Amino acid sequence: MAERLSGKRIFLTGAAQGIGLAIAEACLAEGAKLFLVDQDGALLEKTVAGLVAPKGHVGHSTADISDGPAIKAAIARANAEIGLVNALINNAGMNVFSTPLEATEEEWTRNFDVNVKGAWNCSKAVLPGMLANGGGAILNIASTHGFTIIPHTFPYPVAKHALLGLTKSLALEYAGQGVRVNALAPGYVETQKAIDYWNSFPDPAAARANTMALHPGGRIASAREIALAAVFMISDECPFMNAATLVVDGGLSQLQHPA
Ligand SMILES: NC(=O)c1ccc[n+]([C@@H]2O[C@H](COP(=O)([O-])OP(=O)(O)OC[C@H]3O[C@@H](n4cnc5c(N)ncnc54)[C@H](O)[C@@H]3O)[C@@H](O)[C@H]2O)c1
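Note that the sequence shown covers residues 9 to 267 in the numbering used here.
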């Protein structure tokens with residue numbers, strides 16, 4: 009059977025661990041070439057060394073996605089190493105959880121710089137190449153926080169709502185030029201980010217058990233389950249999917265919790 013991502017040259021952010029790493033593994037298994045970026049250079053080096061990939065299929069660079077010039081330079085390197093990037097997966101993101109009255113200006117700014125501006129920086133850097141070459145695909149890893157609000161997680165959901173706005177704005181702007189822009193909205197996923205969240209409670213094991221119990225199926229997603237959806241969305245299997253948000257949350261966001 010043909011590999012589903014053969015011919016795809018993907019720039020993937022936040023690839024050193026978690027959902028990003030799972031996406032990298034799934035895309036490599038489907039024949040893509042990848043250029044991986046993360047702000048944690050040491051972890052990224054270790055991750056790249058552990059990936060099973062044919063020679064020339066994985067490039068990487070340490071960069072903070074909120075740094076526009078650094079991202080522009082990383083994309084130039086990607087174009088040189090794996091060929092002109094024709095798919096972008098904006099996965100890097102961070103939790104900033106507080107309340108509207110307690111969040112600091114620094115937290116607000118960092119939240120938007122990483123969770124929204126980072127995706128814009130990367131999109132801005134890849135779009136000229138995509139438009140000049142007849143198209144491409146951009147996938148933003150959003151969250152169910154993009155359309156629901158969990159109290160005490162402010163201002164993270166404000167940024168994820170904005171990321172869905174960015175997705176739709178880019179999608180409509182370039183729909184006539186062969187570029188598709190979509191979002192994938194996971195619910196809870198078992199990654200370091202989720203573990204850090206549970207560790208922020210006095211009883212992390214109880215917090216973890218509560219999270220599982222919230223879900224209709226009694227469990228949360230593995231990073232691989234999110235990666236499989238990402239492969240589909242970045243592939244040529246859904247050519248008319250544009251400006252869409254695919255929710256992968258085990259049904260959680262459809263559940264009516266008792267008041
Ligand atoms: N884990 C979940 O439950 C969950 C749920 C919904 C959405 N998401 C989203 O999925 C994405 C990945 O989450 P994860 O759980 O795998 O996180 P993670 O913390 O396990 O991994 C994120 C990676 O991104 C990198 N990163 C963070 N900020 C960066 C920056 N400014 N520049 C470059 N790299 C940066 C980190 O170094 C890390 O390696 C995020 O956008 C997150 O908001 C996660």
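We put the beta carbon where it would ideally sit given N, CA and C, even for glycine. Please read these numbers as outputs of a predicted model, since none were measured by experiment.
Practice task
Write down every uninterrupted run of the beta strand (DSSP E) in the stretch 68-99 whose length is 3 residues or greater and which is fully enclosed by it, in chain order.
Solution key: 95-98
Problem - Nearest candidate by alpha-carbon position, reference Asn94, set Ala191, Gly226, Asp204, Val187 - result: Val187
Practice task
Determine the contact status of Leu135 and Tyr182, defining contact as a CB-CB distance below 8 angstroms.
Solution key: yes
Exercise for the section: Could you have a look at Asp46 and say whether DSSP puts it in helix, strand or coil? Expected result: strand
Exercise for the section: Let me know if Ser74 comes out buried or exposed under the rule of 16 or more other beta-carbons within 10 Å of its beta-carbon. Expected result: buried
Exercise for the section: Quick one: measure Cβ to Cβ for Trp116 and Leu174, integer angstroms, because I've assumed they're closer than 8 angstroms. Expected result: About 17 angstroms; that fails the 8 angstroms criterion.
Handout entry: 6 angstroms CB neighbourhood of Arg12 in its chain, flanking five on each side removed
Key = Glu38, Ser243
Exercise for the section: Report the rounded CA-to-CA distance for Asn119 versus Ala111, giving the unit in angstroms. Expected result: 11 angstroms
Exercise for the section: Compute the Euclidean distance between the alpha carbons of Ala133 and Asp204, then round it to the nearest angstrom. Expected result: 31 angstroms
Handout entry: Asn250 in three-state terms, based on DSSP
Key = coil
Practice task
Just tell me which of Asp46, Cys130, Val166, His65 has its CA closest to the CA of Phe105.
Solution key: Val166
Practice task
Report yes if the CB atom of Leu29 is closer than 8 angstroms to the CB atom of Thr55, and no otherwise.
Solution key: yes
Exercise for the section: Run the proximity test for Thr175: is its beta-carbon closer than 7 angstroms to any non-hydrogen atom belonging to ligand 1? Expected result: no
Practice task
Would you mind sorting Gln264 into buried or exposed? The rule is 16 or more other CB atoms within 10 Å of its CB.
Solution key: exposed
Exercise for the section: Taking 8 angstroms as the threshold, find out whether the stretch 86-103 comes into contact with the stretch 56-67 through three or more Cβ pairs. Expected result: yes
Exercise for the section: Going by CA-CA distance only, name the one from Ala214, Glu198, Ala140, Gly101 that's closest to Asp121. Expected result: Gly101
Handout entry: N-terminal and C-terminal residue of the alpha helix (DSSP H) that Thr156 is part of
Key = Per DSSP, Thr156 belongs to no alpha helix (DSSP H) and is neither H nor E.
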